[in-house]
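*Asks:*
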Amino acid sequence: MRLVLFILFFGYPITKEENVPEERIFHPPHIHMSPSWIVSLGGNVTISCWVHLDCWLDFFLHKDGVKINTTSGGYKRKALFHISDVTRKDGGTYSCHYRMPLKTYRSEHSNSVELFVLDLSLPKPTISPIGMSAIEKNATIQCQSQSPIAGFYLQKDEDQMVHKHMETNGTRGSYTISNISRADGGGYRCRYSSESEPFVISEPSDPVKLLLEDPKLPIPVISIYPSSFVSLGHSVTIQCKTEERSAKFFLHKAGDPKPRFLTSPKSNEGELSLNISWEDKGSYRCSYIPQSNLFLHSRHSSPLQLPATDHSLPKPSISLSHDEEVTLGSNVTIDCRSNGTAVRFYFQKYGVAKPVQLIQKNGTVAKFSISNASWEHSGFYSCTYSALPDCFAISEPSDEMELQLTDPDLARPTISLSPRGPLPLGGNVTLNCQGQGVRFKFYRHRENFVPQLLKNNVDGAHLIISNLSRDDAVGYSCKCSSISEVFSVSSEIVKLLILDFPLFAPVISIQHEGCVALGGQVEIKCESDSEDVNFSLHKTGDTNPTLMNGHFYVGEFTISSFTREHEGNYSCIYESTEEPFMISAPSDSLEILISGFDLATGEGFPSPYIFFCTDPKLSRPRIFLTPAEPVYPGTKVTIHCQSQDIAAAFYFKKDTDQMVPTAISNNGALAIFDISNIKPAHAGNYICTYRPKLELFVTSPSSDPVELLFRDDSLIKPSISINPSELVALGGEANIVCTIAYGSAQFYLHKTGDPTPKYSRMGNLSTHTFPITNISLEDKGHYTCSYICSGNSFFISKHSAPLELLVTDPSLPRPSLSLSSVIVNVGETVSLQCHSQDRAVTFYLQKSGETEPLQRLVTRRNTATFTIIAEQEHNQSFACSYRPSSDLFVISEPSKPAEFLVIDRRLHTPTISIVTSQLIAPGAQVNITCTTNGGPANFYLHKAGDPTPKQLVKAHNHVGIFSIGNISRKDEGNYSCSYACLDRPLLVSQPSNFLELLISGPHTSNPGTSEPPDYTLINIIRFAIGSLILFLLTYVIIRDQQLQRKHGLKVR
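Per my numbering, the sequence shown starts with residue 1, numbered consecutively.
1. Taking Cβ to Cβ, would you say Asn293 is nearer than 9 Å to Gly187?
2. Rounded to whole angstroms, how far is the Cβ of Pro290 from the Cβ of Leu217, which I believe are closer than 8 Å?
3. Quick one: what's got a C-beta closer than 8 Å to Val326's C-beta in the same chain, skipping five residues either side?
4. Could you check whether His62 and His109 sit closer than 9 Å to each other, using their CB atoms as the reference points?
5. Is Gly270 buried or exposed, if buried means 16 or more other CB atoms sit within 10 Å of its CB?
6. For Ala183, count neighbouring C-beta atoms within 10 Å of its own C-beta (all shown protein chains included) and say buried if the count is 16 or more, exposed if not.
7. If you drop the 5 nearest sequence neighbours on each side, which residues of the same chain put their C-beta closer than 6 Å to that of His163?
8. Leu210 and Ile1055 - do their beta-carbons sit closer together than 9 Å?
9. Under a three-way DSSP split, which group does Glu490 fall into?
10. Ordered along the chain, which non-local residues of its own chain (more than five positions away) have a Cβ less than 6 Å from that of Ile464?
11. Following the continuous beta strand (DSSP E) through Lys717, name the residue where it begins and the one where it ends.
12. Quick one: what's Phe249 bridged to in DSSP?
13. From Ser776, Val86 and Ser793, pick the residue whose C-alpha is nearest to that of Phe710; which is it?
14. Compare the Cα-Cα distances from Lys954 to each of Ala921, Gly945, Ala840 and Gly935 and report the closest residue.
15. Go ahead and pull the three-state DSSP assignment for Lys89.
16. Suppose contacts are defined by Cβ-Cβ distances below 9 Å. Is Pro413 in contact with Gly437 by that definition?
17. Does Val1036 come out as helix, strand or coil in the three-state DSSP assignment?
18. Apply the 10 Å Cβ neighbour rule to Pro355 and answer buried if 16 or more other Cβ atoms are within range, or exposed otherwise.
19. Using C-beta distances below 6 Å, list every residue in its chain close to Leu410, excluding the 5 sequence neighbours before and after it, in chain order.
20. For Phe795, would you say it is in contact with chain D, using Cβ-to-Cβ distances shorter than 9 Å as the test?
21. Work out the CA separation of Pro922 and Val1036 for me, nearest whole Å.
22. Should the region 36 to 48 be regarded as contacting the region 68 to 87, the criterion being three or more beta carbon pairs within less than 8 Å?
23. If we call anything under 9 Å between Cβ atoms a contact, is Ile141 one with Ile83?
24. Roughly how many angstroms separate the alpha carbons of Asp1040 and Ile1025, rounded to a whole number?
25. Within the region 133 to 204, note down every full beta strand (DSSP E) run reaching 3 residues or more, in order along the chain.
26. Measure the alpha-carbon distance for Ser112 versus Pro123 and round it to whole angstroms.
27. Taking only three categories from DSSP, how would you classify Ala921?
28. Going along the chain, which residues of its own chain have a beta-carbon closer than 8 Å to the beta-carbon of Asn825, five neighbours each way excluded?
29. Starting from Ala649, follow the beta strand (DSSP E) in both directions and report where the run begins and ends.
30. For a minimum of 3 consecutive residues, which ranges assigned as the beta strand (DSSP E) are wholly contained in the region 320 to 402?
31. Rounded to whole angstroms, how far is the Cβ of Ser708 from the Cβ of Gly684, which I believe are closer than 8 Å?
32. Arg344 and Tyr284 look like a contact to me (Cβ under 8 Å); what is the Cβ gap, rounded to whole Å?
33. Going residue by residue through the region 937 to 984, where are the continuous beta strand (DSSP E) segments of at least 3 residues, counting only ones entirely within it?
34. Tell whether a beta-carbon distance below 9 Å holds between Ile201 and Asn138.
35. DSSP puts Lys67 in a beta bridge; with which residues?
36. Quick check: Ser721 and Ile736, are their CB atoms within less than 9 Å of each other?
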């Protein structure tokens, strides 16, 4: 039988000539559907199959891999398969191929085409808007249906015959266009096929457009007119221009996803008019779509800021950063100052719609710099600013400031007044400006702007001011120019002085410390009844008055080396600082002459003045009072003057006494001047000098003044305070503030143990601050203050209540601070215990980094307990310090900070999980995960029964991972986790649910060990020994059987 089969199958040789010819495979044909790949129920569709061959061909049509139709043979390249009255069953995947009759030549199958049947009852899908994308970037289109489907299909409006399969996931589909080209721009729609009938398809979605940002298109230019600074209710027009002929312009506002369309009065220009409301302020850009391709889009223009005026913001001020005139080619800086912290400053030039510069800066001053200034920079400038929280709400503009460039090559003009003045109110004056030019400008130097601009064809200009008023009493200058905007350097300033007769004439007198001889020193004093005035000294015959050094009511001028030229008649006037060019009537005239002096006869010098020469080589005497404290009227005061040299006479002088100093002869080094039954008239400052034995006209320098003050019990005690705190570190600063309820005063600061108080000058304020800088241990102690009322210069109040200044002593041991609870709920009480090594008098609790104590406890122990109520907005750690009993005016350095966490129930509760099983082998590593709905955060791991968090992990996302390595039985227990946001690190969430962690292996009852015994190695040894025994038994049995067979024994 086997031989027969072999002969049947293999005995006869087969060759190509004697058997079936080899089949040849041709290239596949092309296939196409017409009119579309989607057909309505009952409609018709034709499927075309064609090749580029001229021979007899038979075509075959396949649906879903099954042949369903065949054409008859013929010499034709194309076959048409018609499907009429389409039903749901006709939907599917079609392909075709061809064959040559009588030959074994056939083609491969064509590509597959899909025929879908349209079902109008299916809901339309929705397609997500694409918006604008850049060329060579990627864009993703998403489609969504109401129920699960078989697949989504994407088609482009410009090519309905082509569709793309979208990646489908449930009810959503997506398709990513990679490396976008210009051909990808256009409108897109999507459809879906039914899940139960995959080739039954829905209607298309609404179209969406894919606009492509083309970097080759010119960037448009955005502008605004008449100005970008407008008040609410005013109209502006925003304009967008480009070099391209454009079809549509768009205006984009920051924060608004929907752009506005601009009207196009010209093909390359778009406009939008706005009647400004509060909602219109913001940052704008514009773009356009060119006519050549409606799916290309330009890049956005540079931003245009459109703020709106907020009249509640104070108006800023603008000025040049230097007072010098600005010359051509120089660098200019313009300062804009706001009353509060601003975030944006806008500099604007008159006649220019957009700001000339926008400066983003947090502060109160912004600087606008102009390099190499030219005449184009001349003009009027103003500035505005915006502040948080609304950066587009701007202040009113500042007053305008003129930037006038000067040409130093032009001759400087001169200015003069006619008549010169001082002039009475209601009079007239003419300002004359002489210079080489045809245009002139006059400047009022307190108002910055030009009151009058004259054009003249001669080298001169005049400005007449009639009916003079107080407002006209200012300084004036002028400039001249040819035709350009560049003017000459300003003339000198001429003052227009106007007499103000209600201002009383001052009193002139001589304050001297020198001799009448040539080369001596003379001090001239001018006193008024008004404070804060400027004094000037006039000498008969001299047209240039001399400014005097002024302080409150008094002006002083010193002639250090008196000569014959200084002899003459002197008078003085003053002007108010509030109205600097309104002057008083002059004082009476005072004649000063040089003359000799005979000590014996008193001849040769006009009474009542006596001049002595001061010898600076002599030592200065010391003056003091007994008693030193302020006294009550009717008591006795002794003034002591003590010198280091033997004196022939001592001279006592009271500062307000213009008469001859009181001379006391004493051939020693100490003189005493007694005032019994003291009266208010005796109050004041006293100085003393002495005359050495061998000199008649020489005295020593004056002593420092000593004040004789009266105690006035009717004055209310002042109050005293210190800031930032009475606790100050070495090298730190503190401000001691003395205050009275009303009025103005001169204040004195007294320190216990220091006989010399600090004092302020007499002022217009009811408070004064005494700064203490670079504090040392010598500054510690008790401080009080007192005061003298303005107008009652030598009647002083009682001392204020004492104030302590405690200074940090680094040599003291730092205390420690501990907490009763680490994590608490809002409203719970937390105990903070401060412990010191030394016995303390007072303990202080303060926030970390702050010196002002929150609480203080007086005790005689070395421990104090403070209590804090946990608050919702808890955000600070705490420290404590103490004041030792050994030194009451020093304090220790703060303890290390301690902090507790407050549970914030507004935070989301986290979830806790473990990567592996909750039953863990000893020695393994475990990762516990804590997850929340936001991050970054600090994550805490808690173990039940332990009040202190076991771990803290800082994570930059919403997941914190805790790692426990070499795990042992002591790590068993229930774990939970919580978290705190990084911006509020001390407010933690509620803990998560518990996660139980179990350790595998037997438990031990041995109370002497905390770890259970590990039987792993013992078990391995036991298993090895048992295996070895089993192997030996098996070997013995097998060997026994072999021996029995060898000897012919029957094995049972």
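Even glycine gets a Cβ: it sits at the ideal position worked out from N, Cα and C.
*Replies:* With the structure as the only source:
1. At least 9 Å separates the beta-carbon of Asn293 from that of Gly187.
2. That pair is a contact at about 6 Å.
3. So the qualifying residues of the chain are Leu320, Val332, Ala373, Leu403, Gln404, Leu405 and Thr406.
4. Yes, they are a contact pair.
5. Gly270 comes out buried.
6. By the 10 Å Cβ count, Ala183 comes out exposed.
7. Within the same chain, and ignoring the five residues on either side of His163 in sequence, the residues whose Cβ sits closer than 6 Å to its Cβ are Tyr153 and Gln155.
8. Not covered by the structure: residue 1055. The range shown for the chain is 1 to 1052.
9. The question names Glu, but residue 490 in the sequence shown is Ser. If DSSP states are grouped into helix, strand and coil, Ser490 belongs with coil.
10. Thr430.
11. Segment: none, Lys717 is in no beta strand (DSSP E) and carries neither H nor E.
12. Assignment of beta-bridge partners to Phe249 by DSSP yields Leu262 and Tyr288.
13. The residue from Ser776, Val86 and Ser793 with its alpha-carbon nearest to that of Phe710 is Ser793.
14. Residue Gly935 holds the alpha-carbon nearest to the alpha-carbon of Lys954 among Ala921, Gly945, Ala840 and Gly935.
15. Lys89 falls in the helix class under three-state DSSP.
16. Cβ distance < 9 Å, so Pro413 and Gly437 count as in contact.
17. Val1036 falls in the helix class under three-state DSSP.
18. Under this definition Pro355 is a buried residue.
19. Counting only residues of its own chain and dropping the five nearest sequence neighbours on each side, Leu410 has a CB closer than 6 Å to the CB of Ser488.
20. Of the protein chains in this structure there is only one, and it is not chain D.
21. Cα to Cα, Val1036 sits roughly 41 Å from Pro922.
22. Contact holds: three or more Cβ-Cβ distances are below 8 Å.
23. Not closer than 9 Å, so no.
24. The alpha-carbon atoms of Asp1040 and Ile1025 are separated by roughly 23 Å.
25. Restricted to the region 133 to 204, the beta strand (DSSP E) segments that are unbroken, complete and at least 3 residues in length are 139 to 144, 149 to 156, 159 to 169, 172 to 177 and 186 to 194, listed in chain order.
26. Rounded to the nearest angstrom, the two C-alpha atoms are 28 Å apart.
27. The three-state reading of DSSP puts Ala921 in coil, since its state is none of H, G, I, E or B.
28. Only Ala870, Val902 and Ile903 meet the Cβ criterion.
29. Counting along the chain, the beta strand (DSSP E) containing Ala649 begins and ends at Ala647 to Lys654.
30. Within the region 320 to 402, the complete beta strand (DSSP E) runs of at least 3 residues are 332 to 349, 357 to 370, 379 to 387 and 390 to 394.
31. Position check: residue 708 holds Leu in this sequence, whereas Ser was assumed. Sure, about 6 Å apart at Cβ, within 8 Å.
32. Between Arg344 and Tyr284, the beta carbon gap of about 15 Å keeps them out of contact (Cβ cut-off 8 Å).
33. Counting only runs that start and end inside the region 937 to 984, the beta strand (DSSP E) elements of at least 3 residues fall at 937 to 943, 951 to 955, 959 to 964 and 973 to 981.
34. Judged by beta-carbon spacing, Asn138 lies beyond the 9 Å limit of Ile201, meaning their Cβ atoms are not closer than that value.
35. Answer is His62.
36. Judged by beta-carbon spacing, Ile736 lies within the 9 Å limit of Ser721, meaning their Cβ atoms are closer than that value.
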